[in-house]
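For the record, in the sequence shown the residue sitting at position 194 is 209 according to our numbering, with numbers rising by one throughout.
Encoded as structure tokens, the structure appears first; notes follow it.
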Amino acid sequence: MKYNFDEIIERRNTNALNTDGFRDYIFHAGPDKIFPYKDDEFVRMWVADMEFSMPPVICEAIKQRVDKKILGYSEVFSSSYYEAFNAWCKKLYDCAFPQNEIVFSTGVIPALYELVEDLVTPEEKVLIMTPSYGFFKHAVDYRQRKLVCSSLKNNDGHFSIDFEDFARKAADSKTSLVIWCNPHNPSGRIWTQEELEKIAAIVKEHNLWIISDEIHCDLIRQGKKHIPMAKIMPDYQKLITCMSASKSFNMAGLMFSNIIIRNEAVRKQFTAHDKNVGFVNPLSVAAHQAAYEAGGEWLEQLKSYLDGNFQFVKEFLVQNLPEISFEIPEATYLAWVNVNPYLADVDDIPMFFANEAGVLLEGGDALFVGNAKGYIRLNLAMPRSIIAEGMKRICRAIKKHHDNA
Ligand code: LCS
């Protein structure tokens, strides 16, 4: 491997949410909350960013932009950014977006907060699938719209869509927006062409808006394929696609995402409401452009390393916690693991693992909206040596609890 994914990088004193923000984010607690482990003793397998260095080409692009000495108000005027983004999408997904439909946001989540307000009236409902990334619910709650959830079916660790339930909820005359997640966080499913076509047919039949959050689309197991909803619904005006290089290249802190809005009126409304009035961070643009132009080789090696991490965890679970049936996900660096066979009696699972194992992780309905009881989500985007330590601690805590029960 050309890149060293085994490197352990010190993240303290960088204002990282990952190291310093867990009390509030996971436990809704303040600095006075004491754990049996010191902050720097925790194995951190929670928030979805990576412990890996960004690719050197991105670090270099940021430095080169800084060398131009002025970081004044900026927009994406140059066509080279759009060309780089579209060449990436064409190469990886056989799909490209008209330049005039691509607008920007400080993140997919800020865009969701705004779009929920723009697209959904206070009486209308937003349909999502559970388990879900928590911020889909937060965006709906914040705008005081109504949330409707369709539970994914779980067949021994394999997740699938309950089409009957989804269609019924989509048919409710009050439902006006579907927030769609592909690849799906936290299950790691990549929806197949057939599944996407079925969802698209339901969305069209009821004339719904659909926001397809595809932020995880670059982070898939080797050999897998992601199909953008834009390919399944090539002419549907009520489709909005969200993509970013932020997760794939570990630069979420640069706060930048591509929001592709076909409908002109909504696009104008979106940019008019944008609190940053269309301005972007010039370092973020330079970094994203470099990722799309020159990040491909690094991403392939990252995917190979992540595949190895998943294989490691799969084997570890088979050998040490055989009652857990775990399927390696098709996408993301997140393992969605059912610990119900061992911890059915534990209510607050993240607190259990923080106290008993010294591992920070997310899980359960409180963080994943619903249909998540007894599940933990392990972030595997880190050197394998850290994962080995985390898994050892998780296993030891589970066995101790089980033996004492
Ligand atoms: N959409 C999905 C499906 C995500 O998983 C995340 C980040 C975002 C959007 C955030 O997009 P941004 O606003 O940064 O552009 N997921 C995270 C997670 O699961 N834990 O921490 C972050």
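Each residue gets a CB set at the ideal place from its N, CA and C atoms; glycine is no exception.
Fair warning: this is a prediction, and the values are worked out from it, not measured in the lab.
Under the DSSP assignment, ASN169 falls outside any alpha helix (DSSP H), being part of the beta strand (DSSP E) whose first and last residues are 168-170. Annotation: VAL81 to VAL300 spans about 12 Å, alpha carbon to alpha carbon.
In the three-state reduction of the DSSP assignment, VAL354 falls in the coil class. Going by DSSP, MET144 is part of the beta strand (DSSP E) stretching over 140-145.
The three-state secondary structure of VAL72, taken from DSSP, is helix. Under the three-state reduction of DSSP, TRP195 is assigned to strand. DSSP places MET397 in no beta strand (DSSP E); its state is neither H nor E.
Runs of the alpha helix (DSSP H) lying entirely within the segment 314-367 and spanning at least 4 residues, in chain order: 355-358. Taking the C-beta atoms as reference points, TYR52 is found nearer than 9 Å to GLY373. Taking GLY378 as the centre and dropping the five residues before and after it, the same chain places the C-beta of ILE364, PRO365, TYR390, ILE391 and ARG392 closer than 6 Å to its C-beta, in chain order.
Residue range 297-309 is occupied by the alpha helix (DSSP H) that includes LEU298. Distances between the C-beta of LYS253 and the heavy atoms of the ligand LCS are all 8 Å or more.
Between ILE143 and PHE150, the beta carbon gap of about 11 Å keeps them out of contact (Cβ cut-off 8 Å). Within the model, the alpha-carbon separation for ARG59 versus TYR357 is close to 22 Å. Burial check for ASP55: the Cβ neighbour count within 10 Å stays below 16, so the residue is exposed. For SER263, the distance from the CB to the nearest heavy atom of the ligand LCS is not below 8 Å.
CA-CA distance, LYS84 to ILE77, rounds to 12 Å. Of all alpha-carbon atoms in PRO398, CYS410 and GLY385, the one lying nearest the alpha-carbon of GLU25 is that of PRO398.
Boundaries of the alpha helix (DSSP H) harbouring LEU382: 379-383, taken from the DSSP string. Around the beta carbon of VAL328, 16 or more other beta carbons sit within 10 angstroms, so the residue counts as buried.
Taken from the Cβ of ASP64, at least one heavy atom of the ligand LCS lies inside 8 Å.
DSSP, reduced to helix, strand and coil, places PHE20 outside both helices and strands of the structure shown, so it counts as coil. As a beta-bridge residue in DSSP terms, ASN273 pairs with PHE119 and MET258. LEU349 places its beta carbon less than 9 Å from that of PRO201. Counting along the chain, TRP224 sits inside the beta strand (DSSP E) bounded by residues 224-228. In the structure shown, the three-state DSSP call for ILE41 is helix. In the three-state reduction of the DSSP assignment, LEU162 falls in the strand class. ASP64 places its beta carbon less than 9 Å from that of ALA267. Distance from the Cα of ILE247 is smallest, within the candidate group SER259, VAL131 and ILE214, for ILE214. Closer than 8 Å to some heavy atom of the ligand LCS: that does not describe the Cβ of ALA185. By the neighbour-count definition (other C-beta atoms within 10 Å, threshold 16), LEU86 is an exposed residue. Burial of PRO146 is indicated by the presence of at least 16 other C-beta atoms within 10 angstroms of its C-beta.
Assignment of VAL374 by DSSP, reduced to helix, strand and coil, places it in the strand class.
Minimum Cα-Cα distance from PHE271 among the listed residues ALA309, TYR96, PHE42 and PHE325 corresponds to TYR96.
With fewer than 16 other CB atoms across the displayed protein chains lying within 10 angstroms of its CB, SER93 is exposed.
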